[in-house]
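Chains as they are written, first to last, in the numbering used here: chain R, 3 to 122; chain Z, 695 to 811.
Beta carbons are placed, not taken as given, at the ideal position from N, Cα and C, and that holds for glycine.
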């Protein structure tokens, strides 16, 4: 089974430029997440999609960040314009709810390799 | 709001020895999941082990086991027979249980584990 794919792996841009990241989740996974991981910190959720609808974007800086998941498969995260503080690794994850014995659902998230963004 | 705290920024262990990584969390939820993820230098985040809060029995996965203390809100990871490939950043993470729906992970700041030959 192929894992979560992300591109590019690395990106260096000047501040105020725009950048886009792409994610292809595991086939059949309905839920897709974008996390931002700043150096020395744990990942923080930016946005969560269920199929092609947004479930949670409360932590997304909407004045500069946007994301879409057309057709409920691939997703694109865009930053425009970029700031120095956007330097981070952007992780994409996908999940499909499984069901444990007793009816408890559990969501195991599988992560892609990430895109390391450097804003100069 | 839920928070996850990992108080050990870095740890070191000799190959074949045992090491324990600490994690505490704060939540008012009664039903949730806890995870340990491993992030090697290549950056791919990999699930190590997970624990359902409604289970009293501690989860185990080969050389990895947890000590889940629900009342104390503590969730430590024990790695037995440490191997060089265990060198990585380890993140503790929390997720609310939403009755089958999916939900975001809340991560701690991580513990960098170095296994020495």
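Check: So, residue 79 of chain R versus residue 92 of chain R, is the Cβ gap smaller than 8 Å?
Finding: yes
Practice item. For residue 719 of chain Z, count neighbouring C-beta atoms within 10 Å of its own C-beta (all shown protein chains included) and say buried if the count is 16 or more, exposed if not. Key: buried
Let me make sure I understand the geometry here. Which of R/115, R/66 and R/98 has the alpha-carbon closest to that of residue 18 of chain R? R/66
Practice problem: Alpha carbon to alpha carbon, how far is residue 716 of chain Z from residue 43 of chain R? Give it in angstroms, no decimals. | Solution: 16 Å
When you check each C-beta in the segment 80-97 of chain R against every C-beta of chain Z, which residues fall closer than 7 Å?
91, 93 and 97
Item to check | chain Z within 8 Å of residue 63 of chain R, Cβ atoms only | outcome: Chain Z, which has no Cβ nearer than 8 Å to the Cβ of residue 63 of chain R, makes this no.
Worksheet item: Do the segment 11-29 of chain R and the segment 55-63 of chain R touch if we need at least three Cβ pairs shorter than 8 Å?
Response: no
Exercise. State the CB to CB distance for the pair residue 698 of chain Z and residue 788 of chain Z, rounded to an integer number of angstroms; the pair is presumed to be in contact (CB under 8 Å).
Key: Contact holds; Cβ gap of about 5 Å.
Using DSSP's beta-bridge definition, name the partner residues of residue 731 of chain Z.
Z/741 and Z/785
Using the C-alpha atoms, what's the distance from residue 798 of chain Z back to residue 90 of chain R? 19 Å
- Query: Under the rule that 16 or more other beta-carbon atoms within 10 Å means buried, what is residue 116 of chain R, buried or exposed?
  - Reply: buried
Check your understanding: Would the beta-carbon of residue 745 of chain Z fall within 8 Å of that of residue 113 of chain R?
Key -> no
Looking at the secondary structure, which residues open and close the beta strand (DSSP E) in which residue 21 of chain R lies?
The continuous beta strand (DSSP E) containing residue 21 of chain R extends over residues 21-26.
| query | Does DSSP put residue 64 of chain R in a helix, a strand or coil? | reply | coil
message: Beta-carbon within less than 6 Å of residue 53 of chain R's beta-carbon, same chain only, minus the 5 sequence neighbours each way: which residues are those?
response: Correct list, in chain order: 32 and 74.
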